[in-house]
Amino acid sequence: MDRIRIVGGAKLNGTIPISGAKNAALPLMIAGLLSEETLILDNVPRLADVAQLQRILGNHGVDIMSAGKRPGAREYQGQTLHISAADIIDTTAPYELVSRMRASFWVIAPLLARMHEARVSLPGGCAIGTRPVDLLIMALEKLGAEITIDGGYVIAKAPGGLKGATIEFPKVTVSGTHVAVMAATLARGTTVITNAACEPEILDVADCLNKMGARILGAGTPRIVVEGVVKLNGARHTVLPDRIETGTYAMAVTMTGGDVQLAGARPELLQSALDVLTQAGAVVAVNNEGIRVTRNGAGIRPVKVSTAPFPGFPTDLQAQLMALMACAGGASRITETIFENRFMHVQELARFGARISLDGETATIDGIARLRGAPVMATDLRASVSLVIAGLAAEGETMVNRVYHLDRGFERLEEKLSACGASIERISD
Ligand code: EPZ
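The structure is reproduced here in structure tokens:
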């Protein structure tokens, strides 16, 4: 299995192109199941999760053509996918495929909306808590689906089609909101979703669905109204830039020091994280090409942060912030409010010498002057990249094992970082 070797200590200087957002690309690809016509997605990142979802959609009979790099195209341009779900040949999403990626469970919504039935294995995904699907099932039941669970599969049926309804989410859920919106597009009548997730990826998917002929109002706010239509058309849509990748590299340069242009990044997608970085001592400047992050000389200042749904500080940047705070000049506190078990990186960061204590949902980090490189391993995607950030700033060599987690969500990570002066290489055994 591949490993990543880092020799820490170099400042990062240069330009990092930001890829399309994984967490928009995945539901956008799934939305392709809603139409018989072709959905063309541009700026899709080349990631293991995208390839895995291609396999899952292929199993339902979806044809996906991936256009290669065009002559003259920018080196890091994402891929273009042509997704054609003219004939859905199978409405079962099997355990072998779904257990490897949680978001693939979301196919239940378009399958049910268009084919009036779906049989989808309960999901797997990152080890960051129990991550139930009760709210997704609640939303589909409100829309008139009959749901049973048998042998590890969720079996959903709506023989006469789905019917518009009011769906009140008791807690903010990104997955629940995606599923409710997708299912409601082809339901008869009006659906009102309250306490909806406001994440930018929800808005991106709704924009694409509206291009396909859906009638969705209010996406990006807590109240979304969907007027059902009989069918959806093909469309062309560009995936928005990845705010978590942006925040990750912004934290890396804040930690190592240096001056990096995050090309194509959009500051409004991660303002809360940029504010925290400014508090920590980074200089964040917005320009026509994206966001420029610099830290020269001054030390890293400690912060107190709680994760929260958008527009709050994202849980997907919590591990990376913890790595940064391991070198702050004082004690920081980070509280995780979204997932109950998203602290698997704490014991790995300790291998670098980080001083972190946990009390329930809150981690207290006593910053030290310098981390020391170490062999490390992580259990989820964002935790893995926090170890890379720590390794970039640490003295000496770090070996990050289980690189497949990184490949699920960070496109050409080592290429992008080494282009900015980091000593980082992939070792394939
Ligand atoms: C999405 O997961 C993202 N995944 C996650 O990113 C991200 O951490 C998360 O949203 C929060 O922003 C994708 O977009 C593919 P939720 P999701 O439904 O949709 C609970 C990454 O690293 N809940 O908003 O699964 C749940 O347990 C990943 O890229 C229920 O209780 O998250 C959690 O505590 C990791 N019942 C909270 O809600 C349900 O039926 C928020 O989950 C559904 C969720």
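Heads up: the sequence shown begins at 194 in my numbering, then just goes up one per residue.
Think of the CB as a built atom: it goes at the ideal place given N, C-alpha and C, for glycine as much as any other residue.
Note that the structure is a prediction, hence the values are computed from the model and not measured.
Coarse secondary structure for residue i, derived from DSSP in three states
i: residue 585; result: helix
i: residue 259; result: strand
i: residue 375; result: helix
i: residue 243; result: helix
i: residue 194; result: coil
i: residue 332; result: helix
i: residue 366; result: coil
i: residue 646; result: Not covered by the structure: residue 646. The range shown for the chain is 194 to 622.
i: residue 275; result: strand
i: residue 617; result: strand
i: residue 252; result: helix
i: residue 216; result: helix
i: residue 232; result: strand
i: residue 497; result: strand
i: residue 516; result: helix
i: residue 155; result: Outside the modelled stretch of the chain, which goes from 194 to 622, sits residue 155, for which no answer is possible.
i: residue 602; result: helix
i: residue 224; result: helix
i: residue 610; result: helix
i: residue 349; result: strand
i: residue 526; result: strand
i: residue 205; result: strand
i: residue 593; result: strand
i: residue 359; result: strand
i: residue 509; result: helix
i: residue 570; result: strand
Rounded separation between residue i and residue j - CA only
i: residue 199; j: residue 443; result: 18 angstroms
i: residue 417; j: residue 225; result: 21 angstroms
i: residue 340; j: residue 351; result: 9 angstroms
i: residue 560; j: residue 439; result: 24 angstroms
i: residue 312; j: residue 368; result: 18 angstroms
i: residue 283; j: residue 421; result: 24 angstroms
i: residue 423; j: residue 409; result: 14 angstroms
i: residue 472; j: residue 294; result: 35 angstroms
i: residue 212; j: residue 600; result: 13 angstroms
i: residue 516; j: residue 583; result: 6 angstroms
i: residue 290; j: residue 522; result: 46 angstroms
i: residue 310; j: residue 379; result: 13 angstroms
i: residue 494; j: residue 376; result: 46 angstroms
i: residue 318; j: residue 453; result: Confidence at residue 318 is low in this model, with a pLDDT of 49, below 50, so the placement of that residue should be treated as unreliable; the coordinate-derived value is given next. The alpha-carbon atoms of residue 318 and residue 453 are separated by roughly 32 angstroms.
i: residue 557; j: residue 353; result: 54 angstroms
i: residue 466; j: residue 519; result: 17 angstroms
i: residue 210; j: residue 475; result: 19 angstroms
i: residue 537; j: residue 571; result: 7 angstroms
i: residue 303; j: residue 229; result: 12 angstroms
i: residue 407; j: residue 316; result: 27 angstroms
i: residue 285; j: residue 336; result: 20 angstroms
i: residue 272; j: residue 258; result: 10 angstroms
i: residue 624; j: residue 489; result: The structure shown does not extend to residue 624, since the chain spans only 194 to 622, so no value can be given for it.
i: residue 223; j: residue 593; result: 32 angstroms
i: residue 333; j: residue 505; result: 28 angstroms
i: residue 387; j: residue 565; result: 48 angstroms
i: residue 197; j: residue 586; result: 15 angstroms
i: residue 321; j: residue 573; result: Per-residue confidence for residue 321 stands at a pLDDT of 47, beneath the threshold of 50, marking its modelled position as unreliable; no derived number is given.
i: residue 435; j: residue 397; result: 12 angstroms
i: residue 569; j: residue 346; result: 35 angstroms
i: residue 419; j: residue 194; result: 46 angstroms
i: residue 606; j: residue 238; result: 12 angstroms
Proximity test, Cβ basis, 9 angstroms: residue i and chain C
i: residue 553; result: Note that chain C does not occur in the displayed structure, where there is just one protein chain.
Review point. Would you call the segment 227–235 and the segment 478–495 touching, i.e. three or more CB-CB distances under 8 angstroms?
Key: Fewer than three pairs of CB atoms, one per stretch, sit closer than 8 angstroms, so the segment 227–235 makes no contact with the segment 478–495.
Practice item. Only counting runs of 4 or more residues, tell me where the alpha helix (DSSP H) segments fall wholly within the segment 393–469, in order along the chain. Key: The segment 393–469 contains these whole alpha helix (DSSP H) runs: 393–404 and 436–449.
Review point. Whole alpha helix (DSSP H) runs in the segment 528–568 with 4 or more residues, listed along the chain?
Key: Listed in chain order, the complete alpha helix (DSSP H) runs (minimum 4 residues) inside the segment 528–568 are 538–543.
Point to revise | Three-pair Cβ contact test at 8 angstroms for the segment 210–226 versus the segment 237–248 | key: Verdict: yes, contact present.
Review point. Okay, do the segment 429–439 and the segment 248–262 touch, 3+ Cβ pairs below 8 angstroms being the bar?
Key: Short answer: they don't touch.
Exercise for review: Determine, using beta-carbon pairs with one atom in the segment 598–618 and one in the segment 542–554, whether at least three such pairs fall under 8 angstroms.
Suggested key: Contact fails between the segment 598–618 and the segment 542–554, because fewer than three Cβ pairs, one in each stretch, are under 8 angstroms apart.
**Study point:** Contiguous alpha helix (DSSP H) assignments of at least 4 residues, all confined to the segment 283–329
**Key:** Correct list: 288–291 and 301–308.
Check your understanding: If you pair each beta-carbon of the segment 326–335 with each one of the segment 270–286, do three or more pairs fall below 8 angstroms?
Key -> With the cut-off at 8 angstroms, the segment 326–335 and the segment 270–286 do not touch.
Exercise for review: Could you tell me whether the segment 448–459 touches the segment 199–208, using the rule of 3 or more Cβ pairs below 8 angstroms?
Suggested key: Flag = yes, the segment 448–459 and the segment 199–208 touch.
Check your understanding: Can you find at least 3 beta carbon pairs, one from the segment 525–539 and one from the segment 491–505, that sit closer than 8 angstroms?
Key -> Yes, the segment 525–539 touches the segment 491–505.
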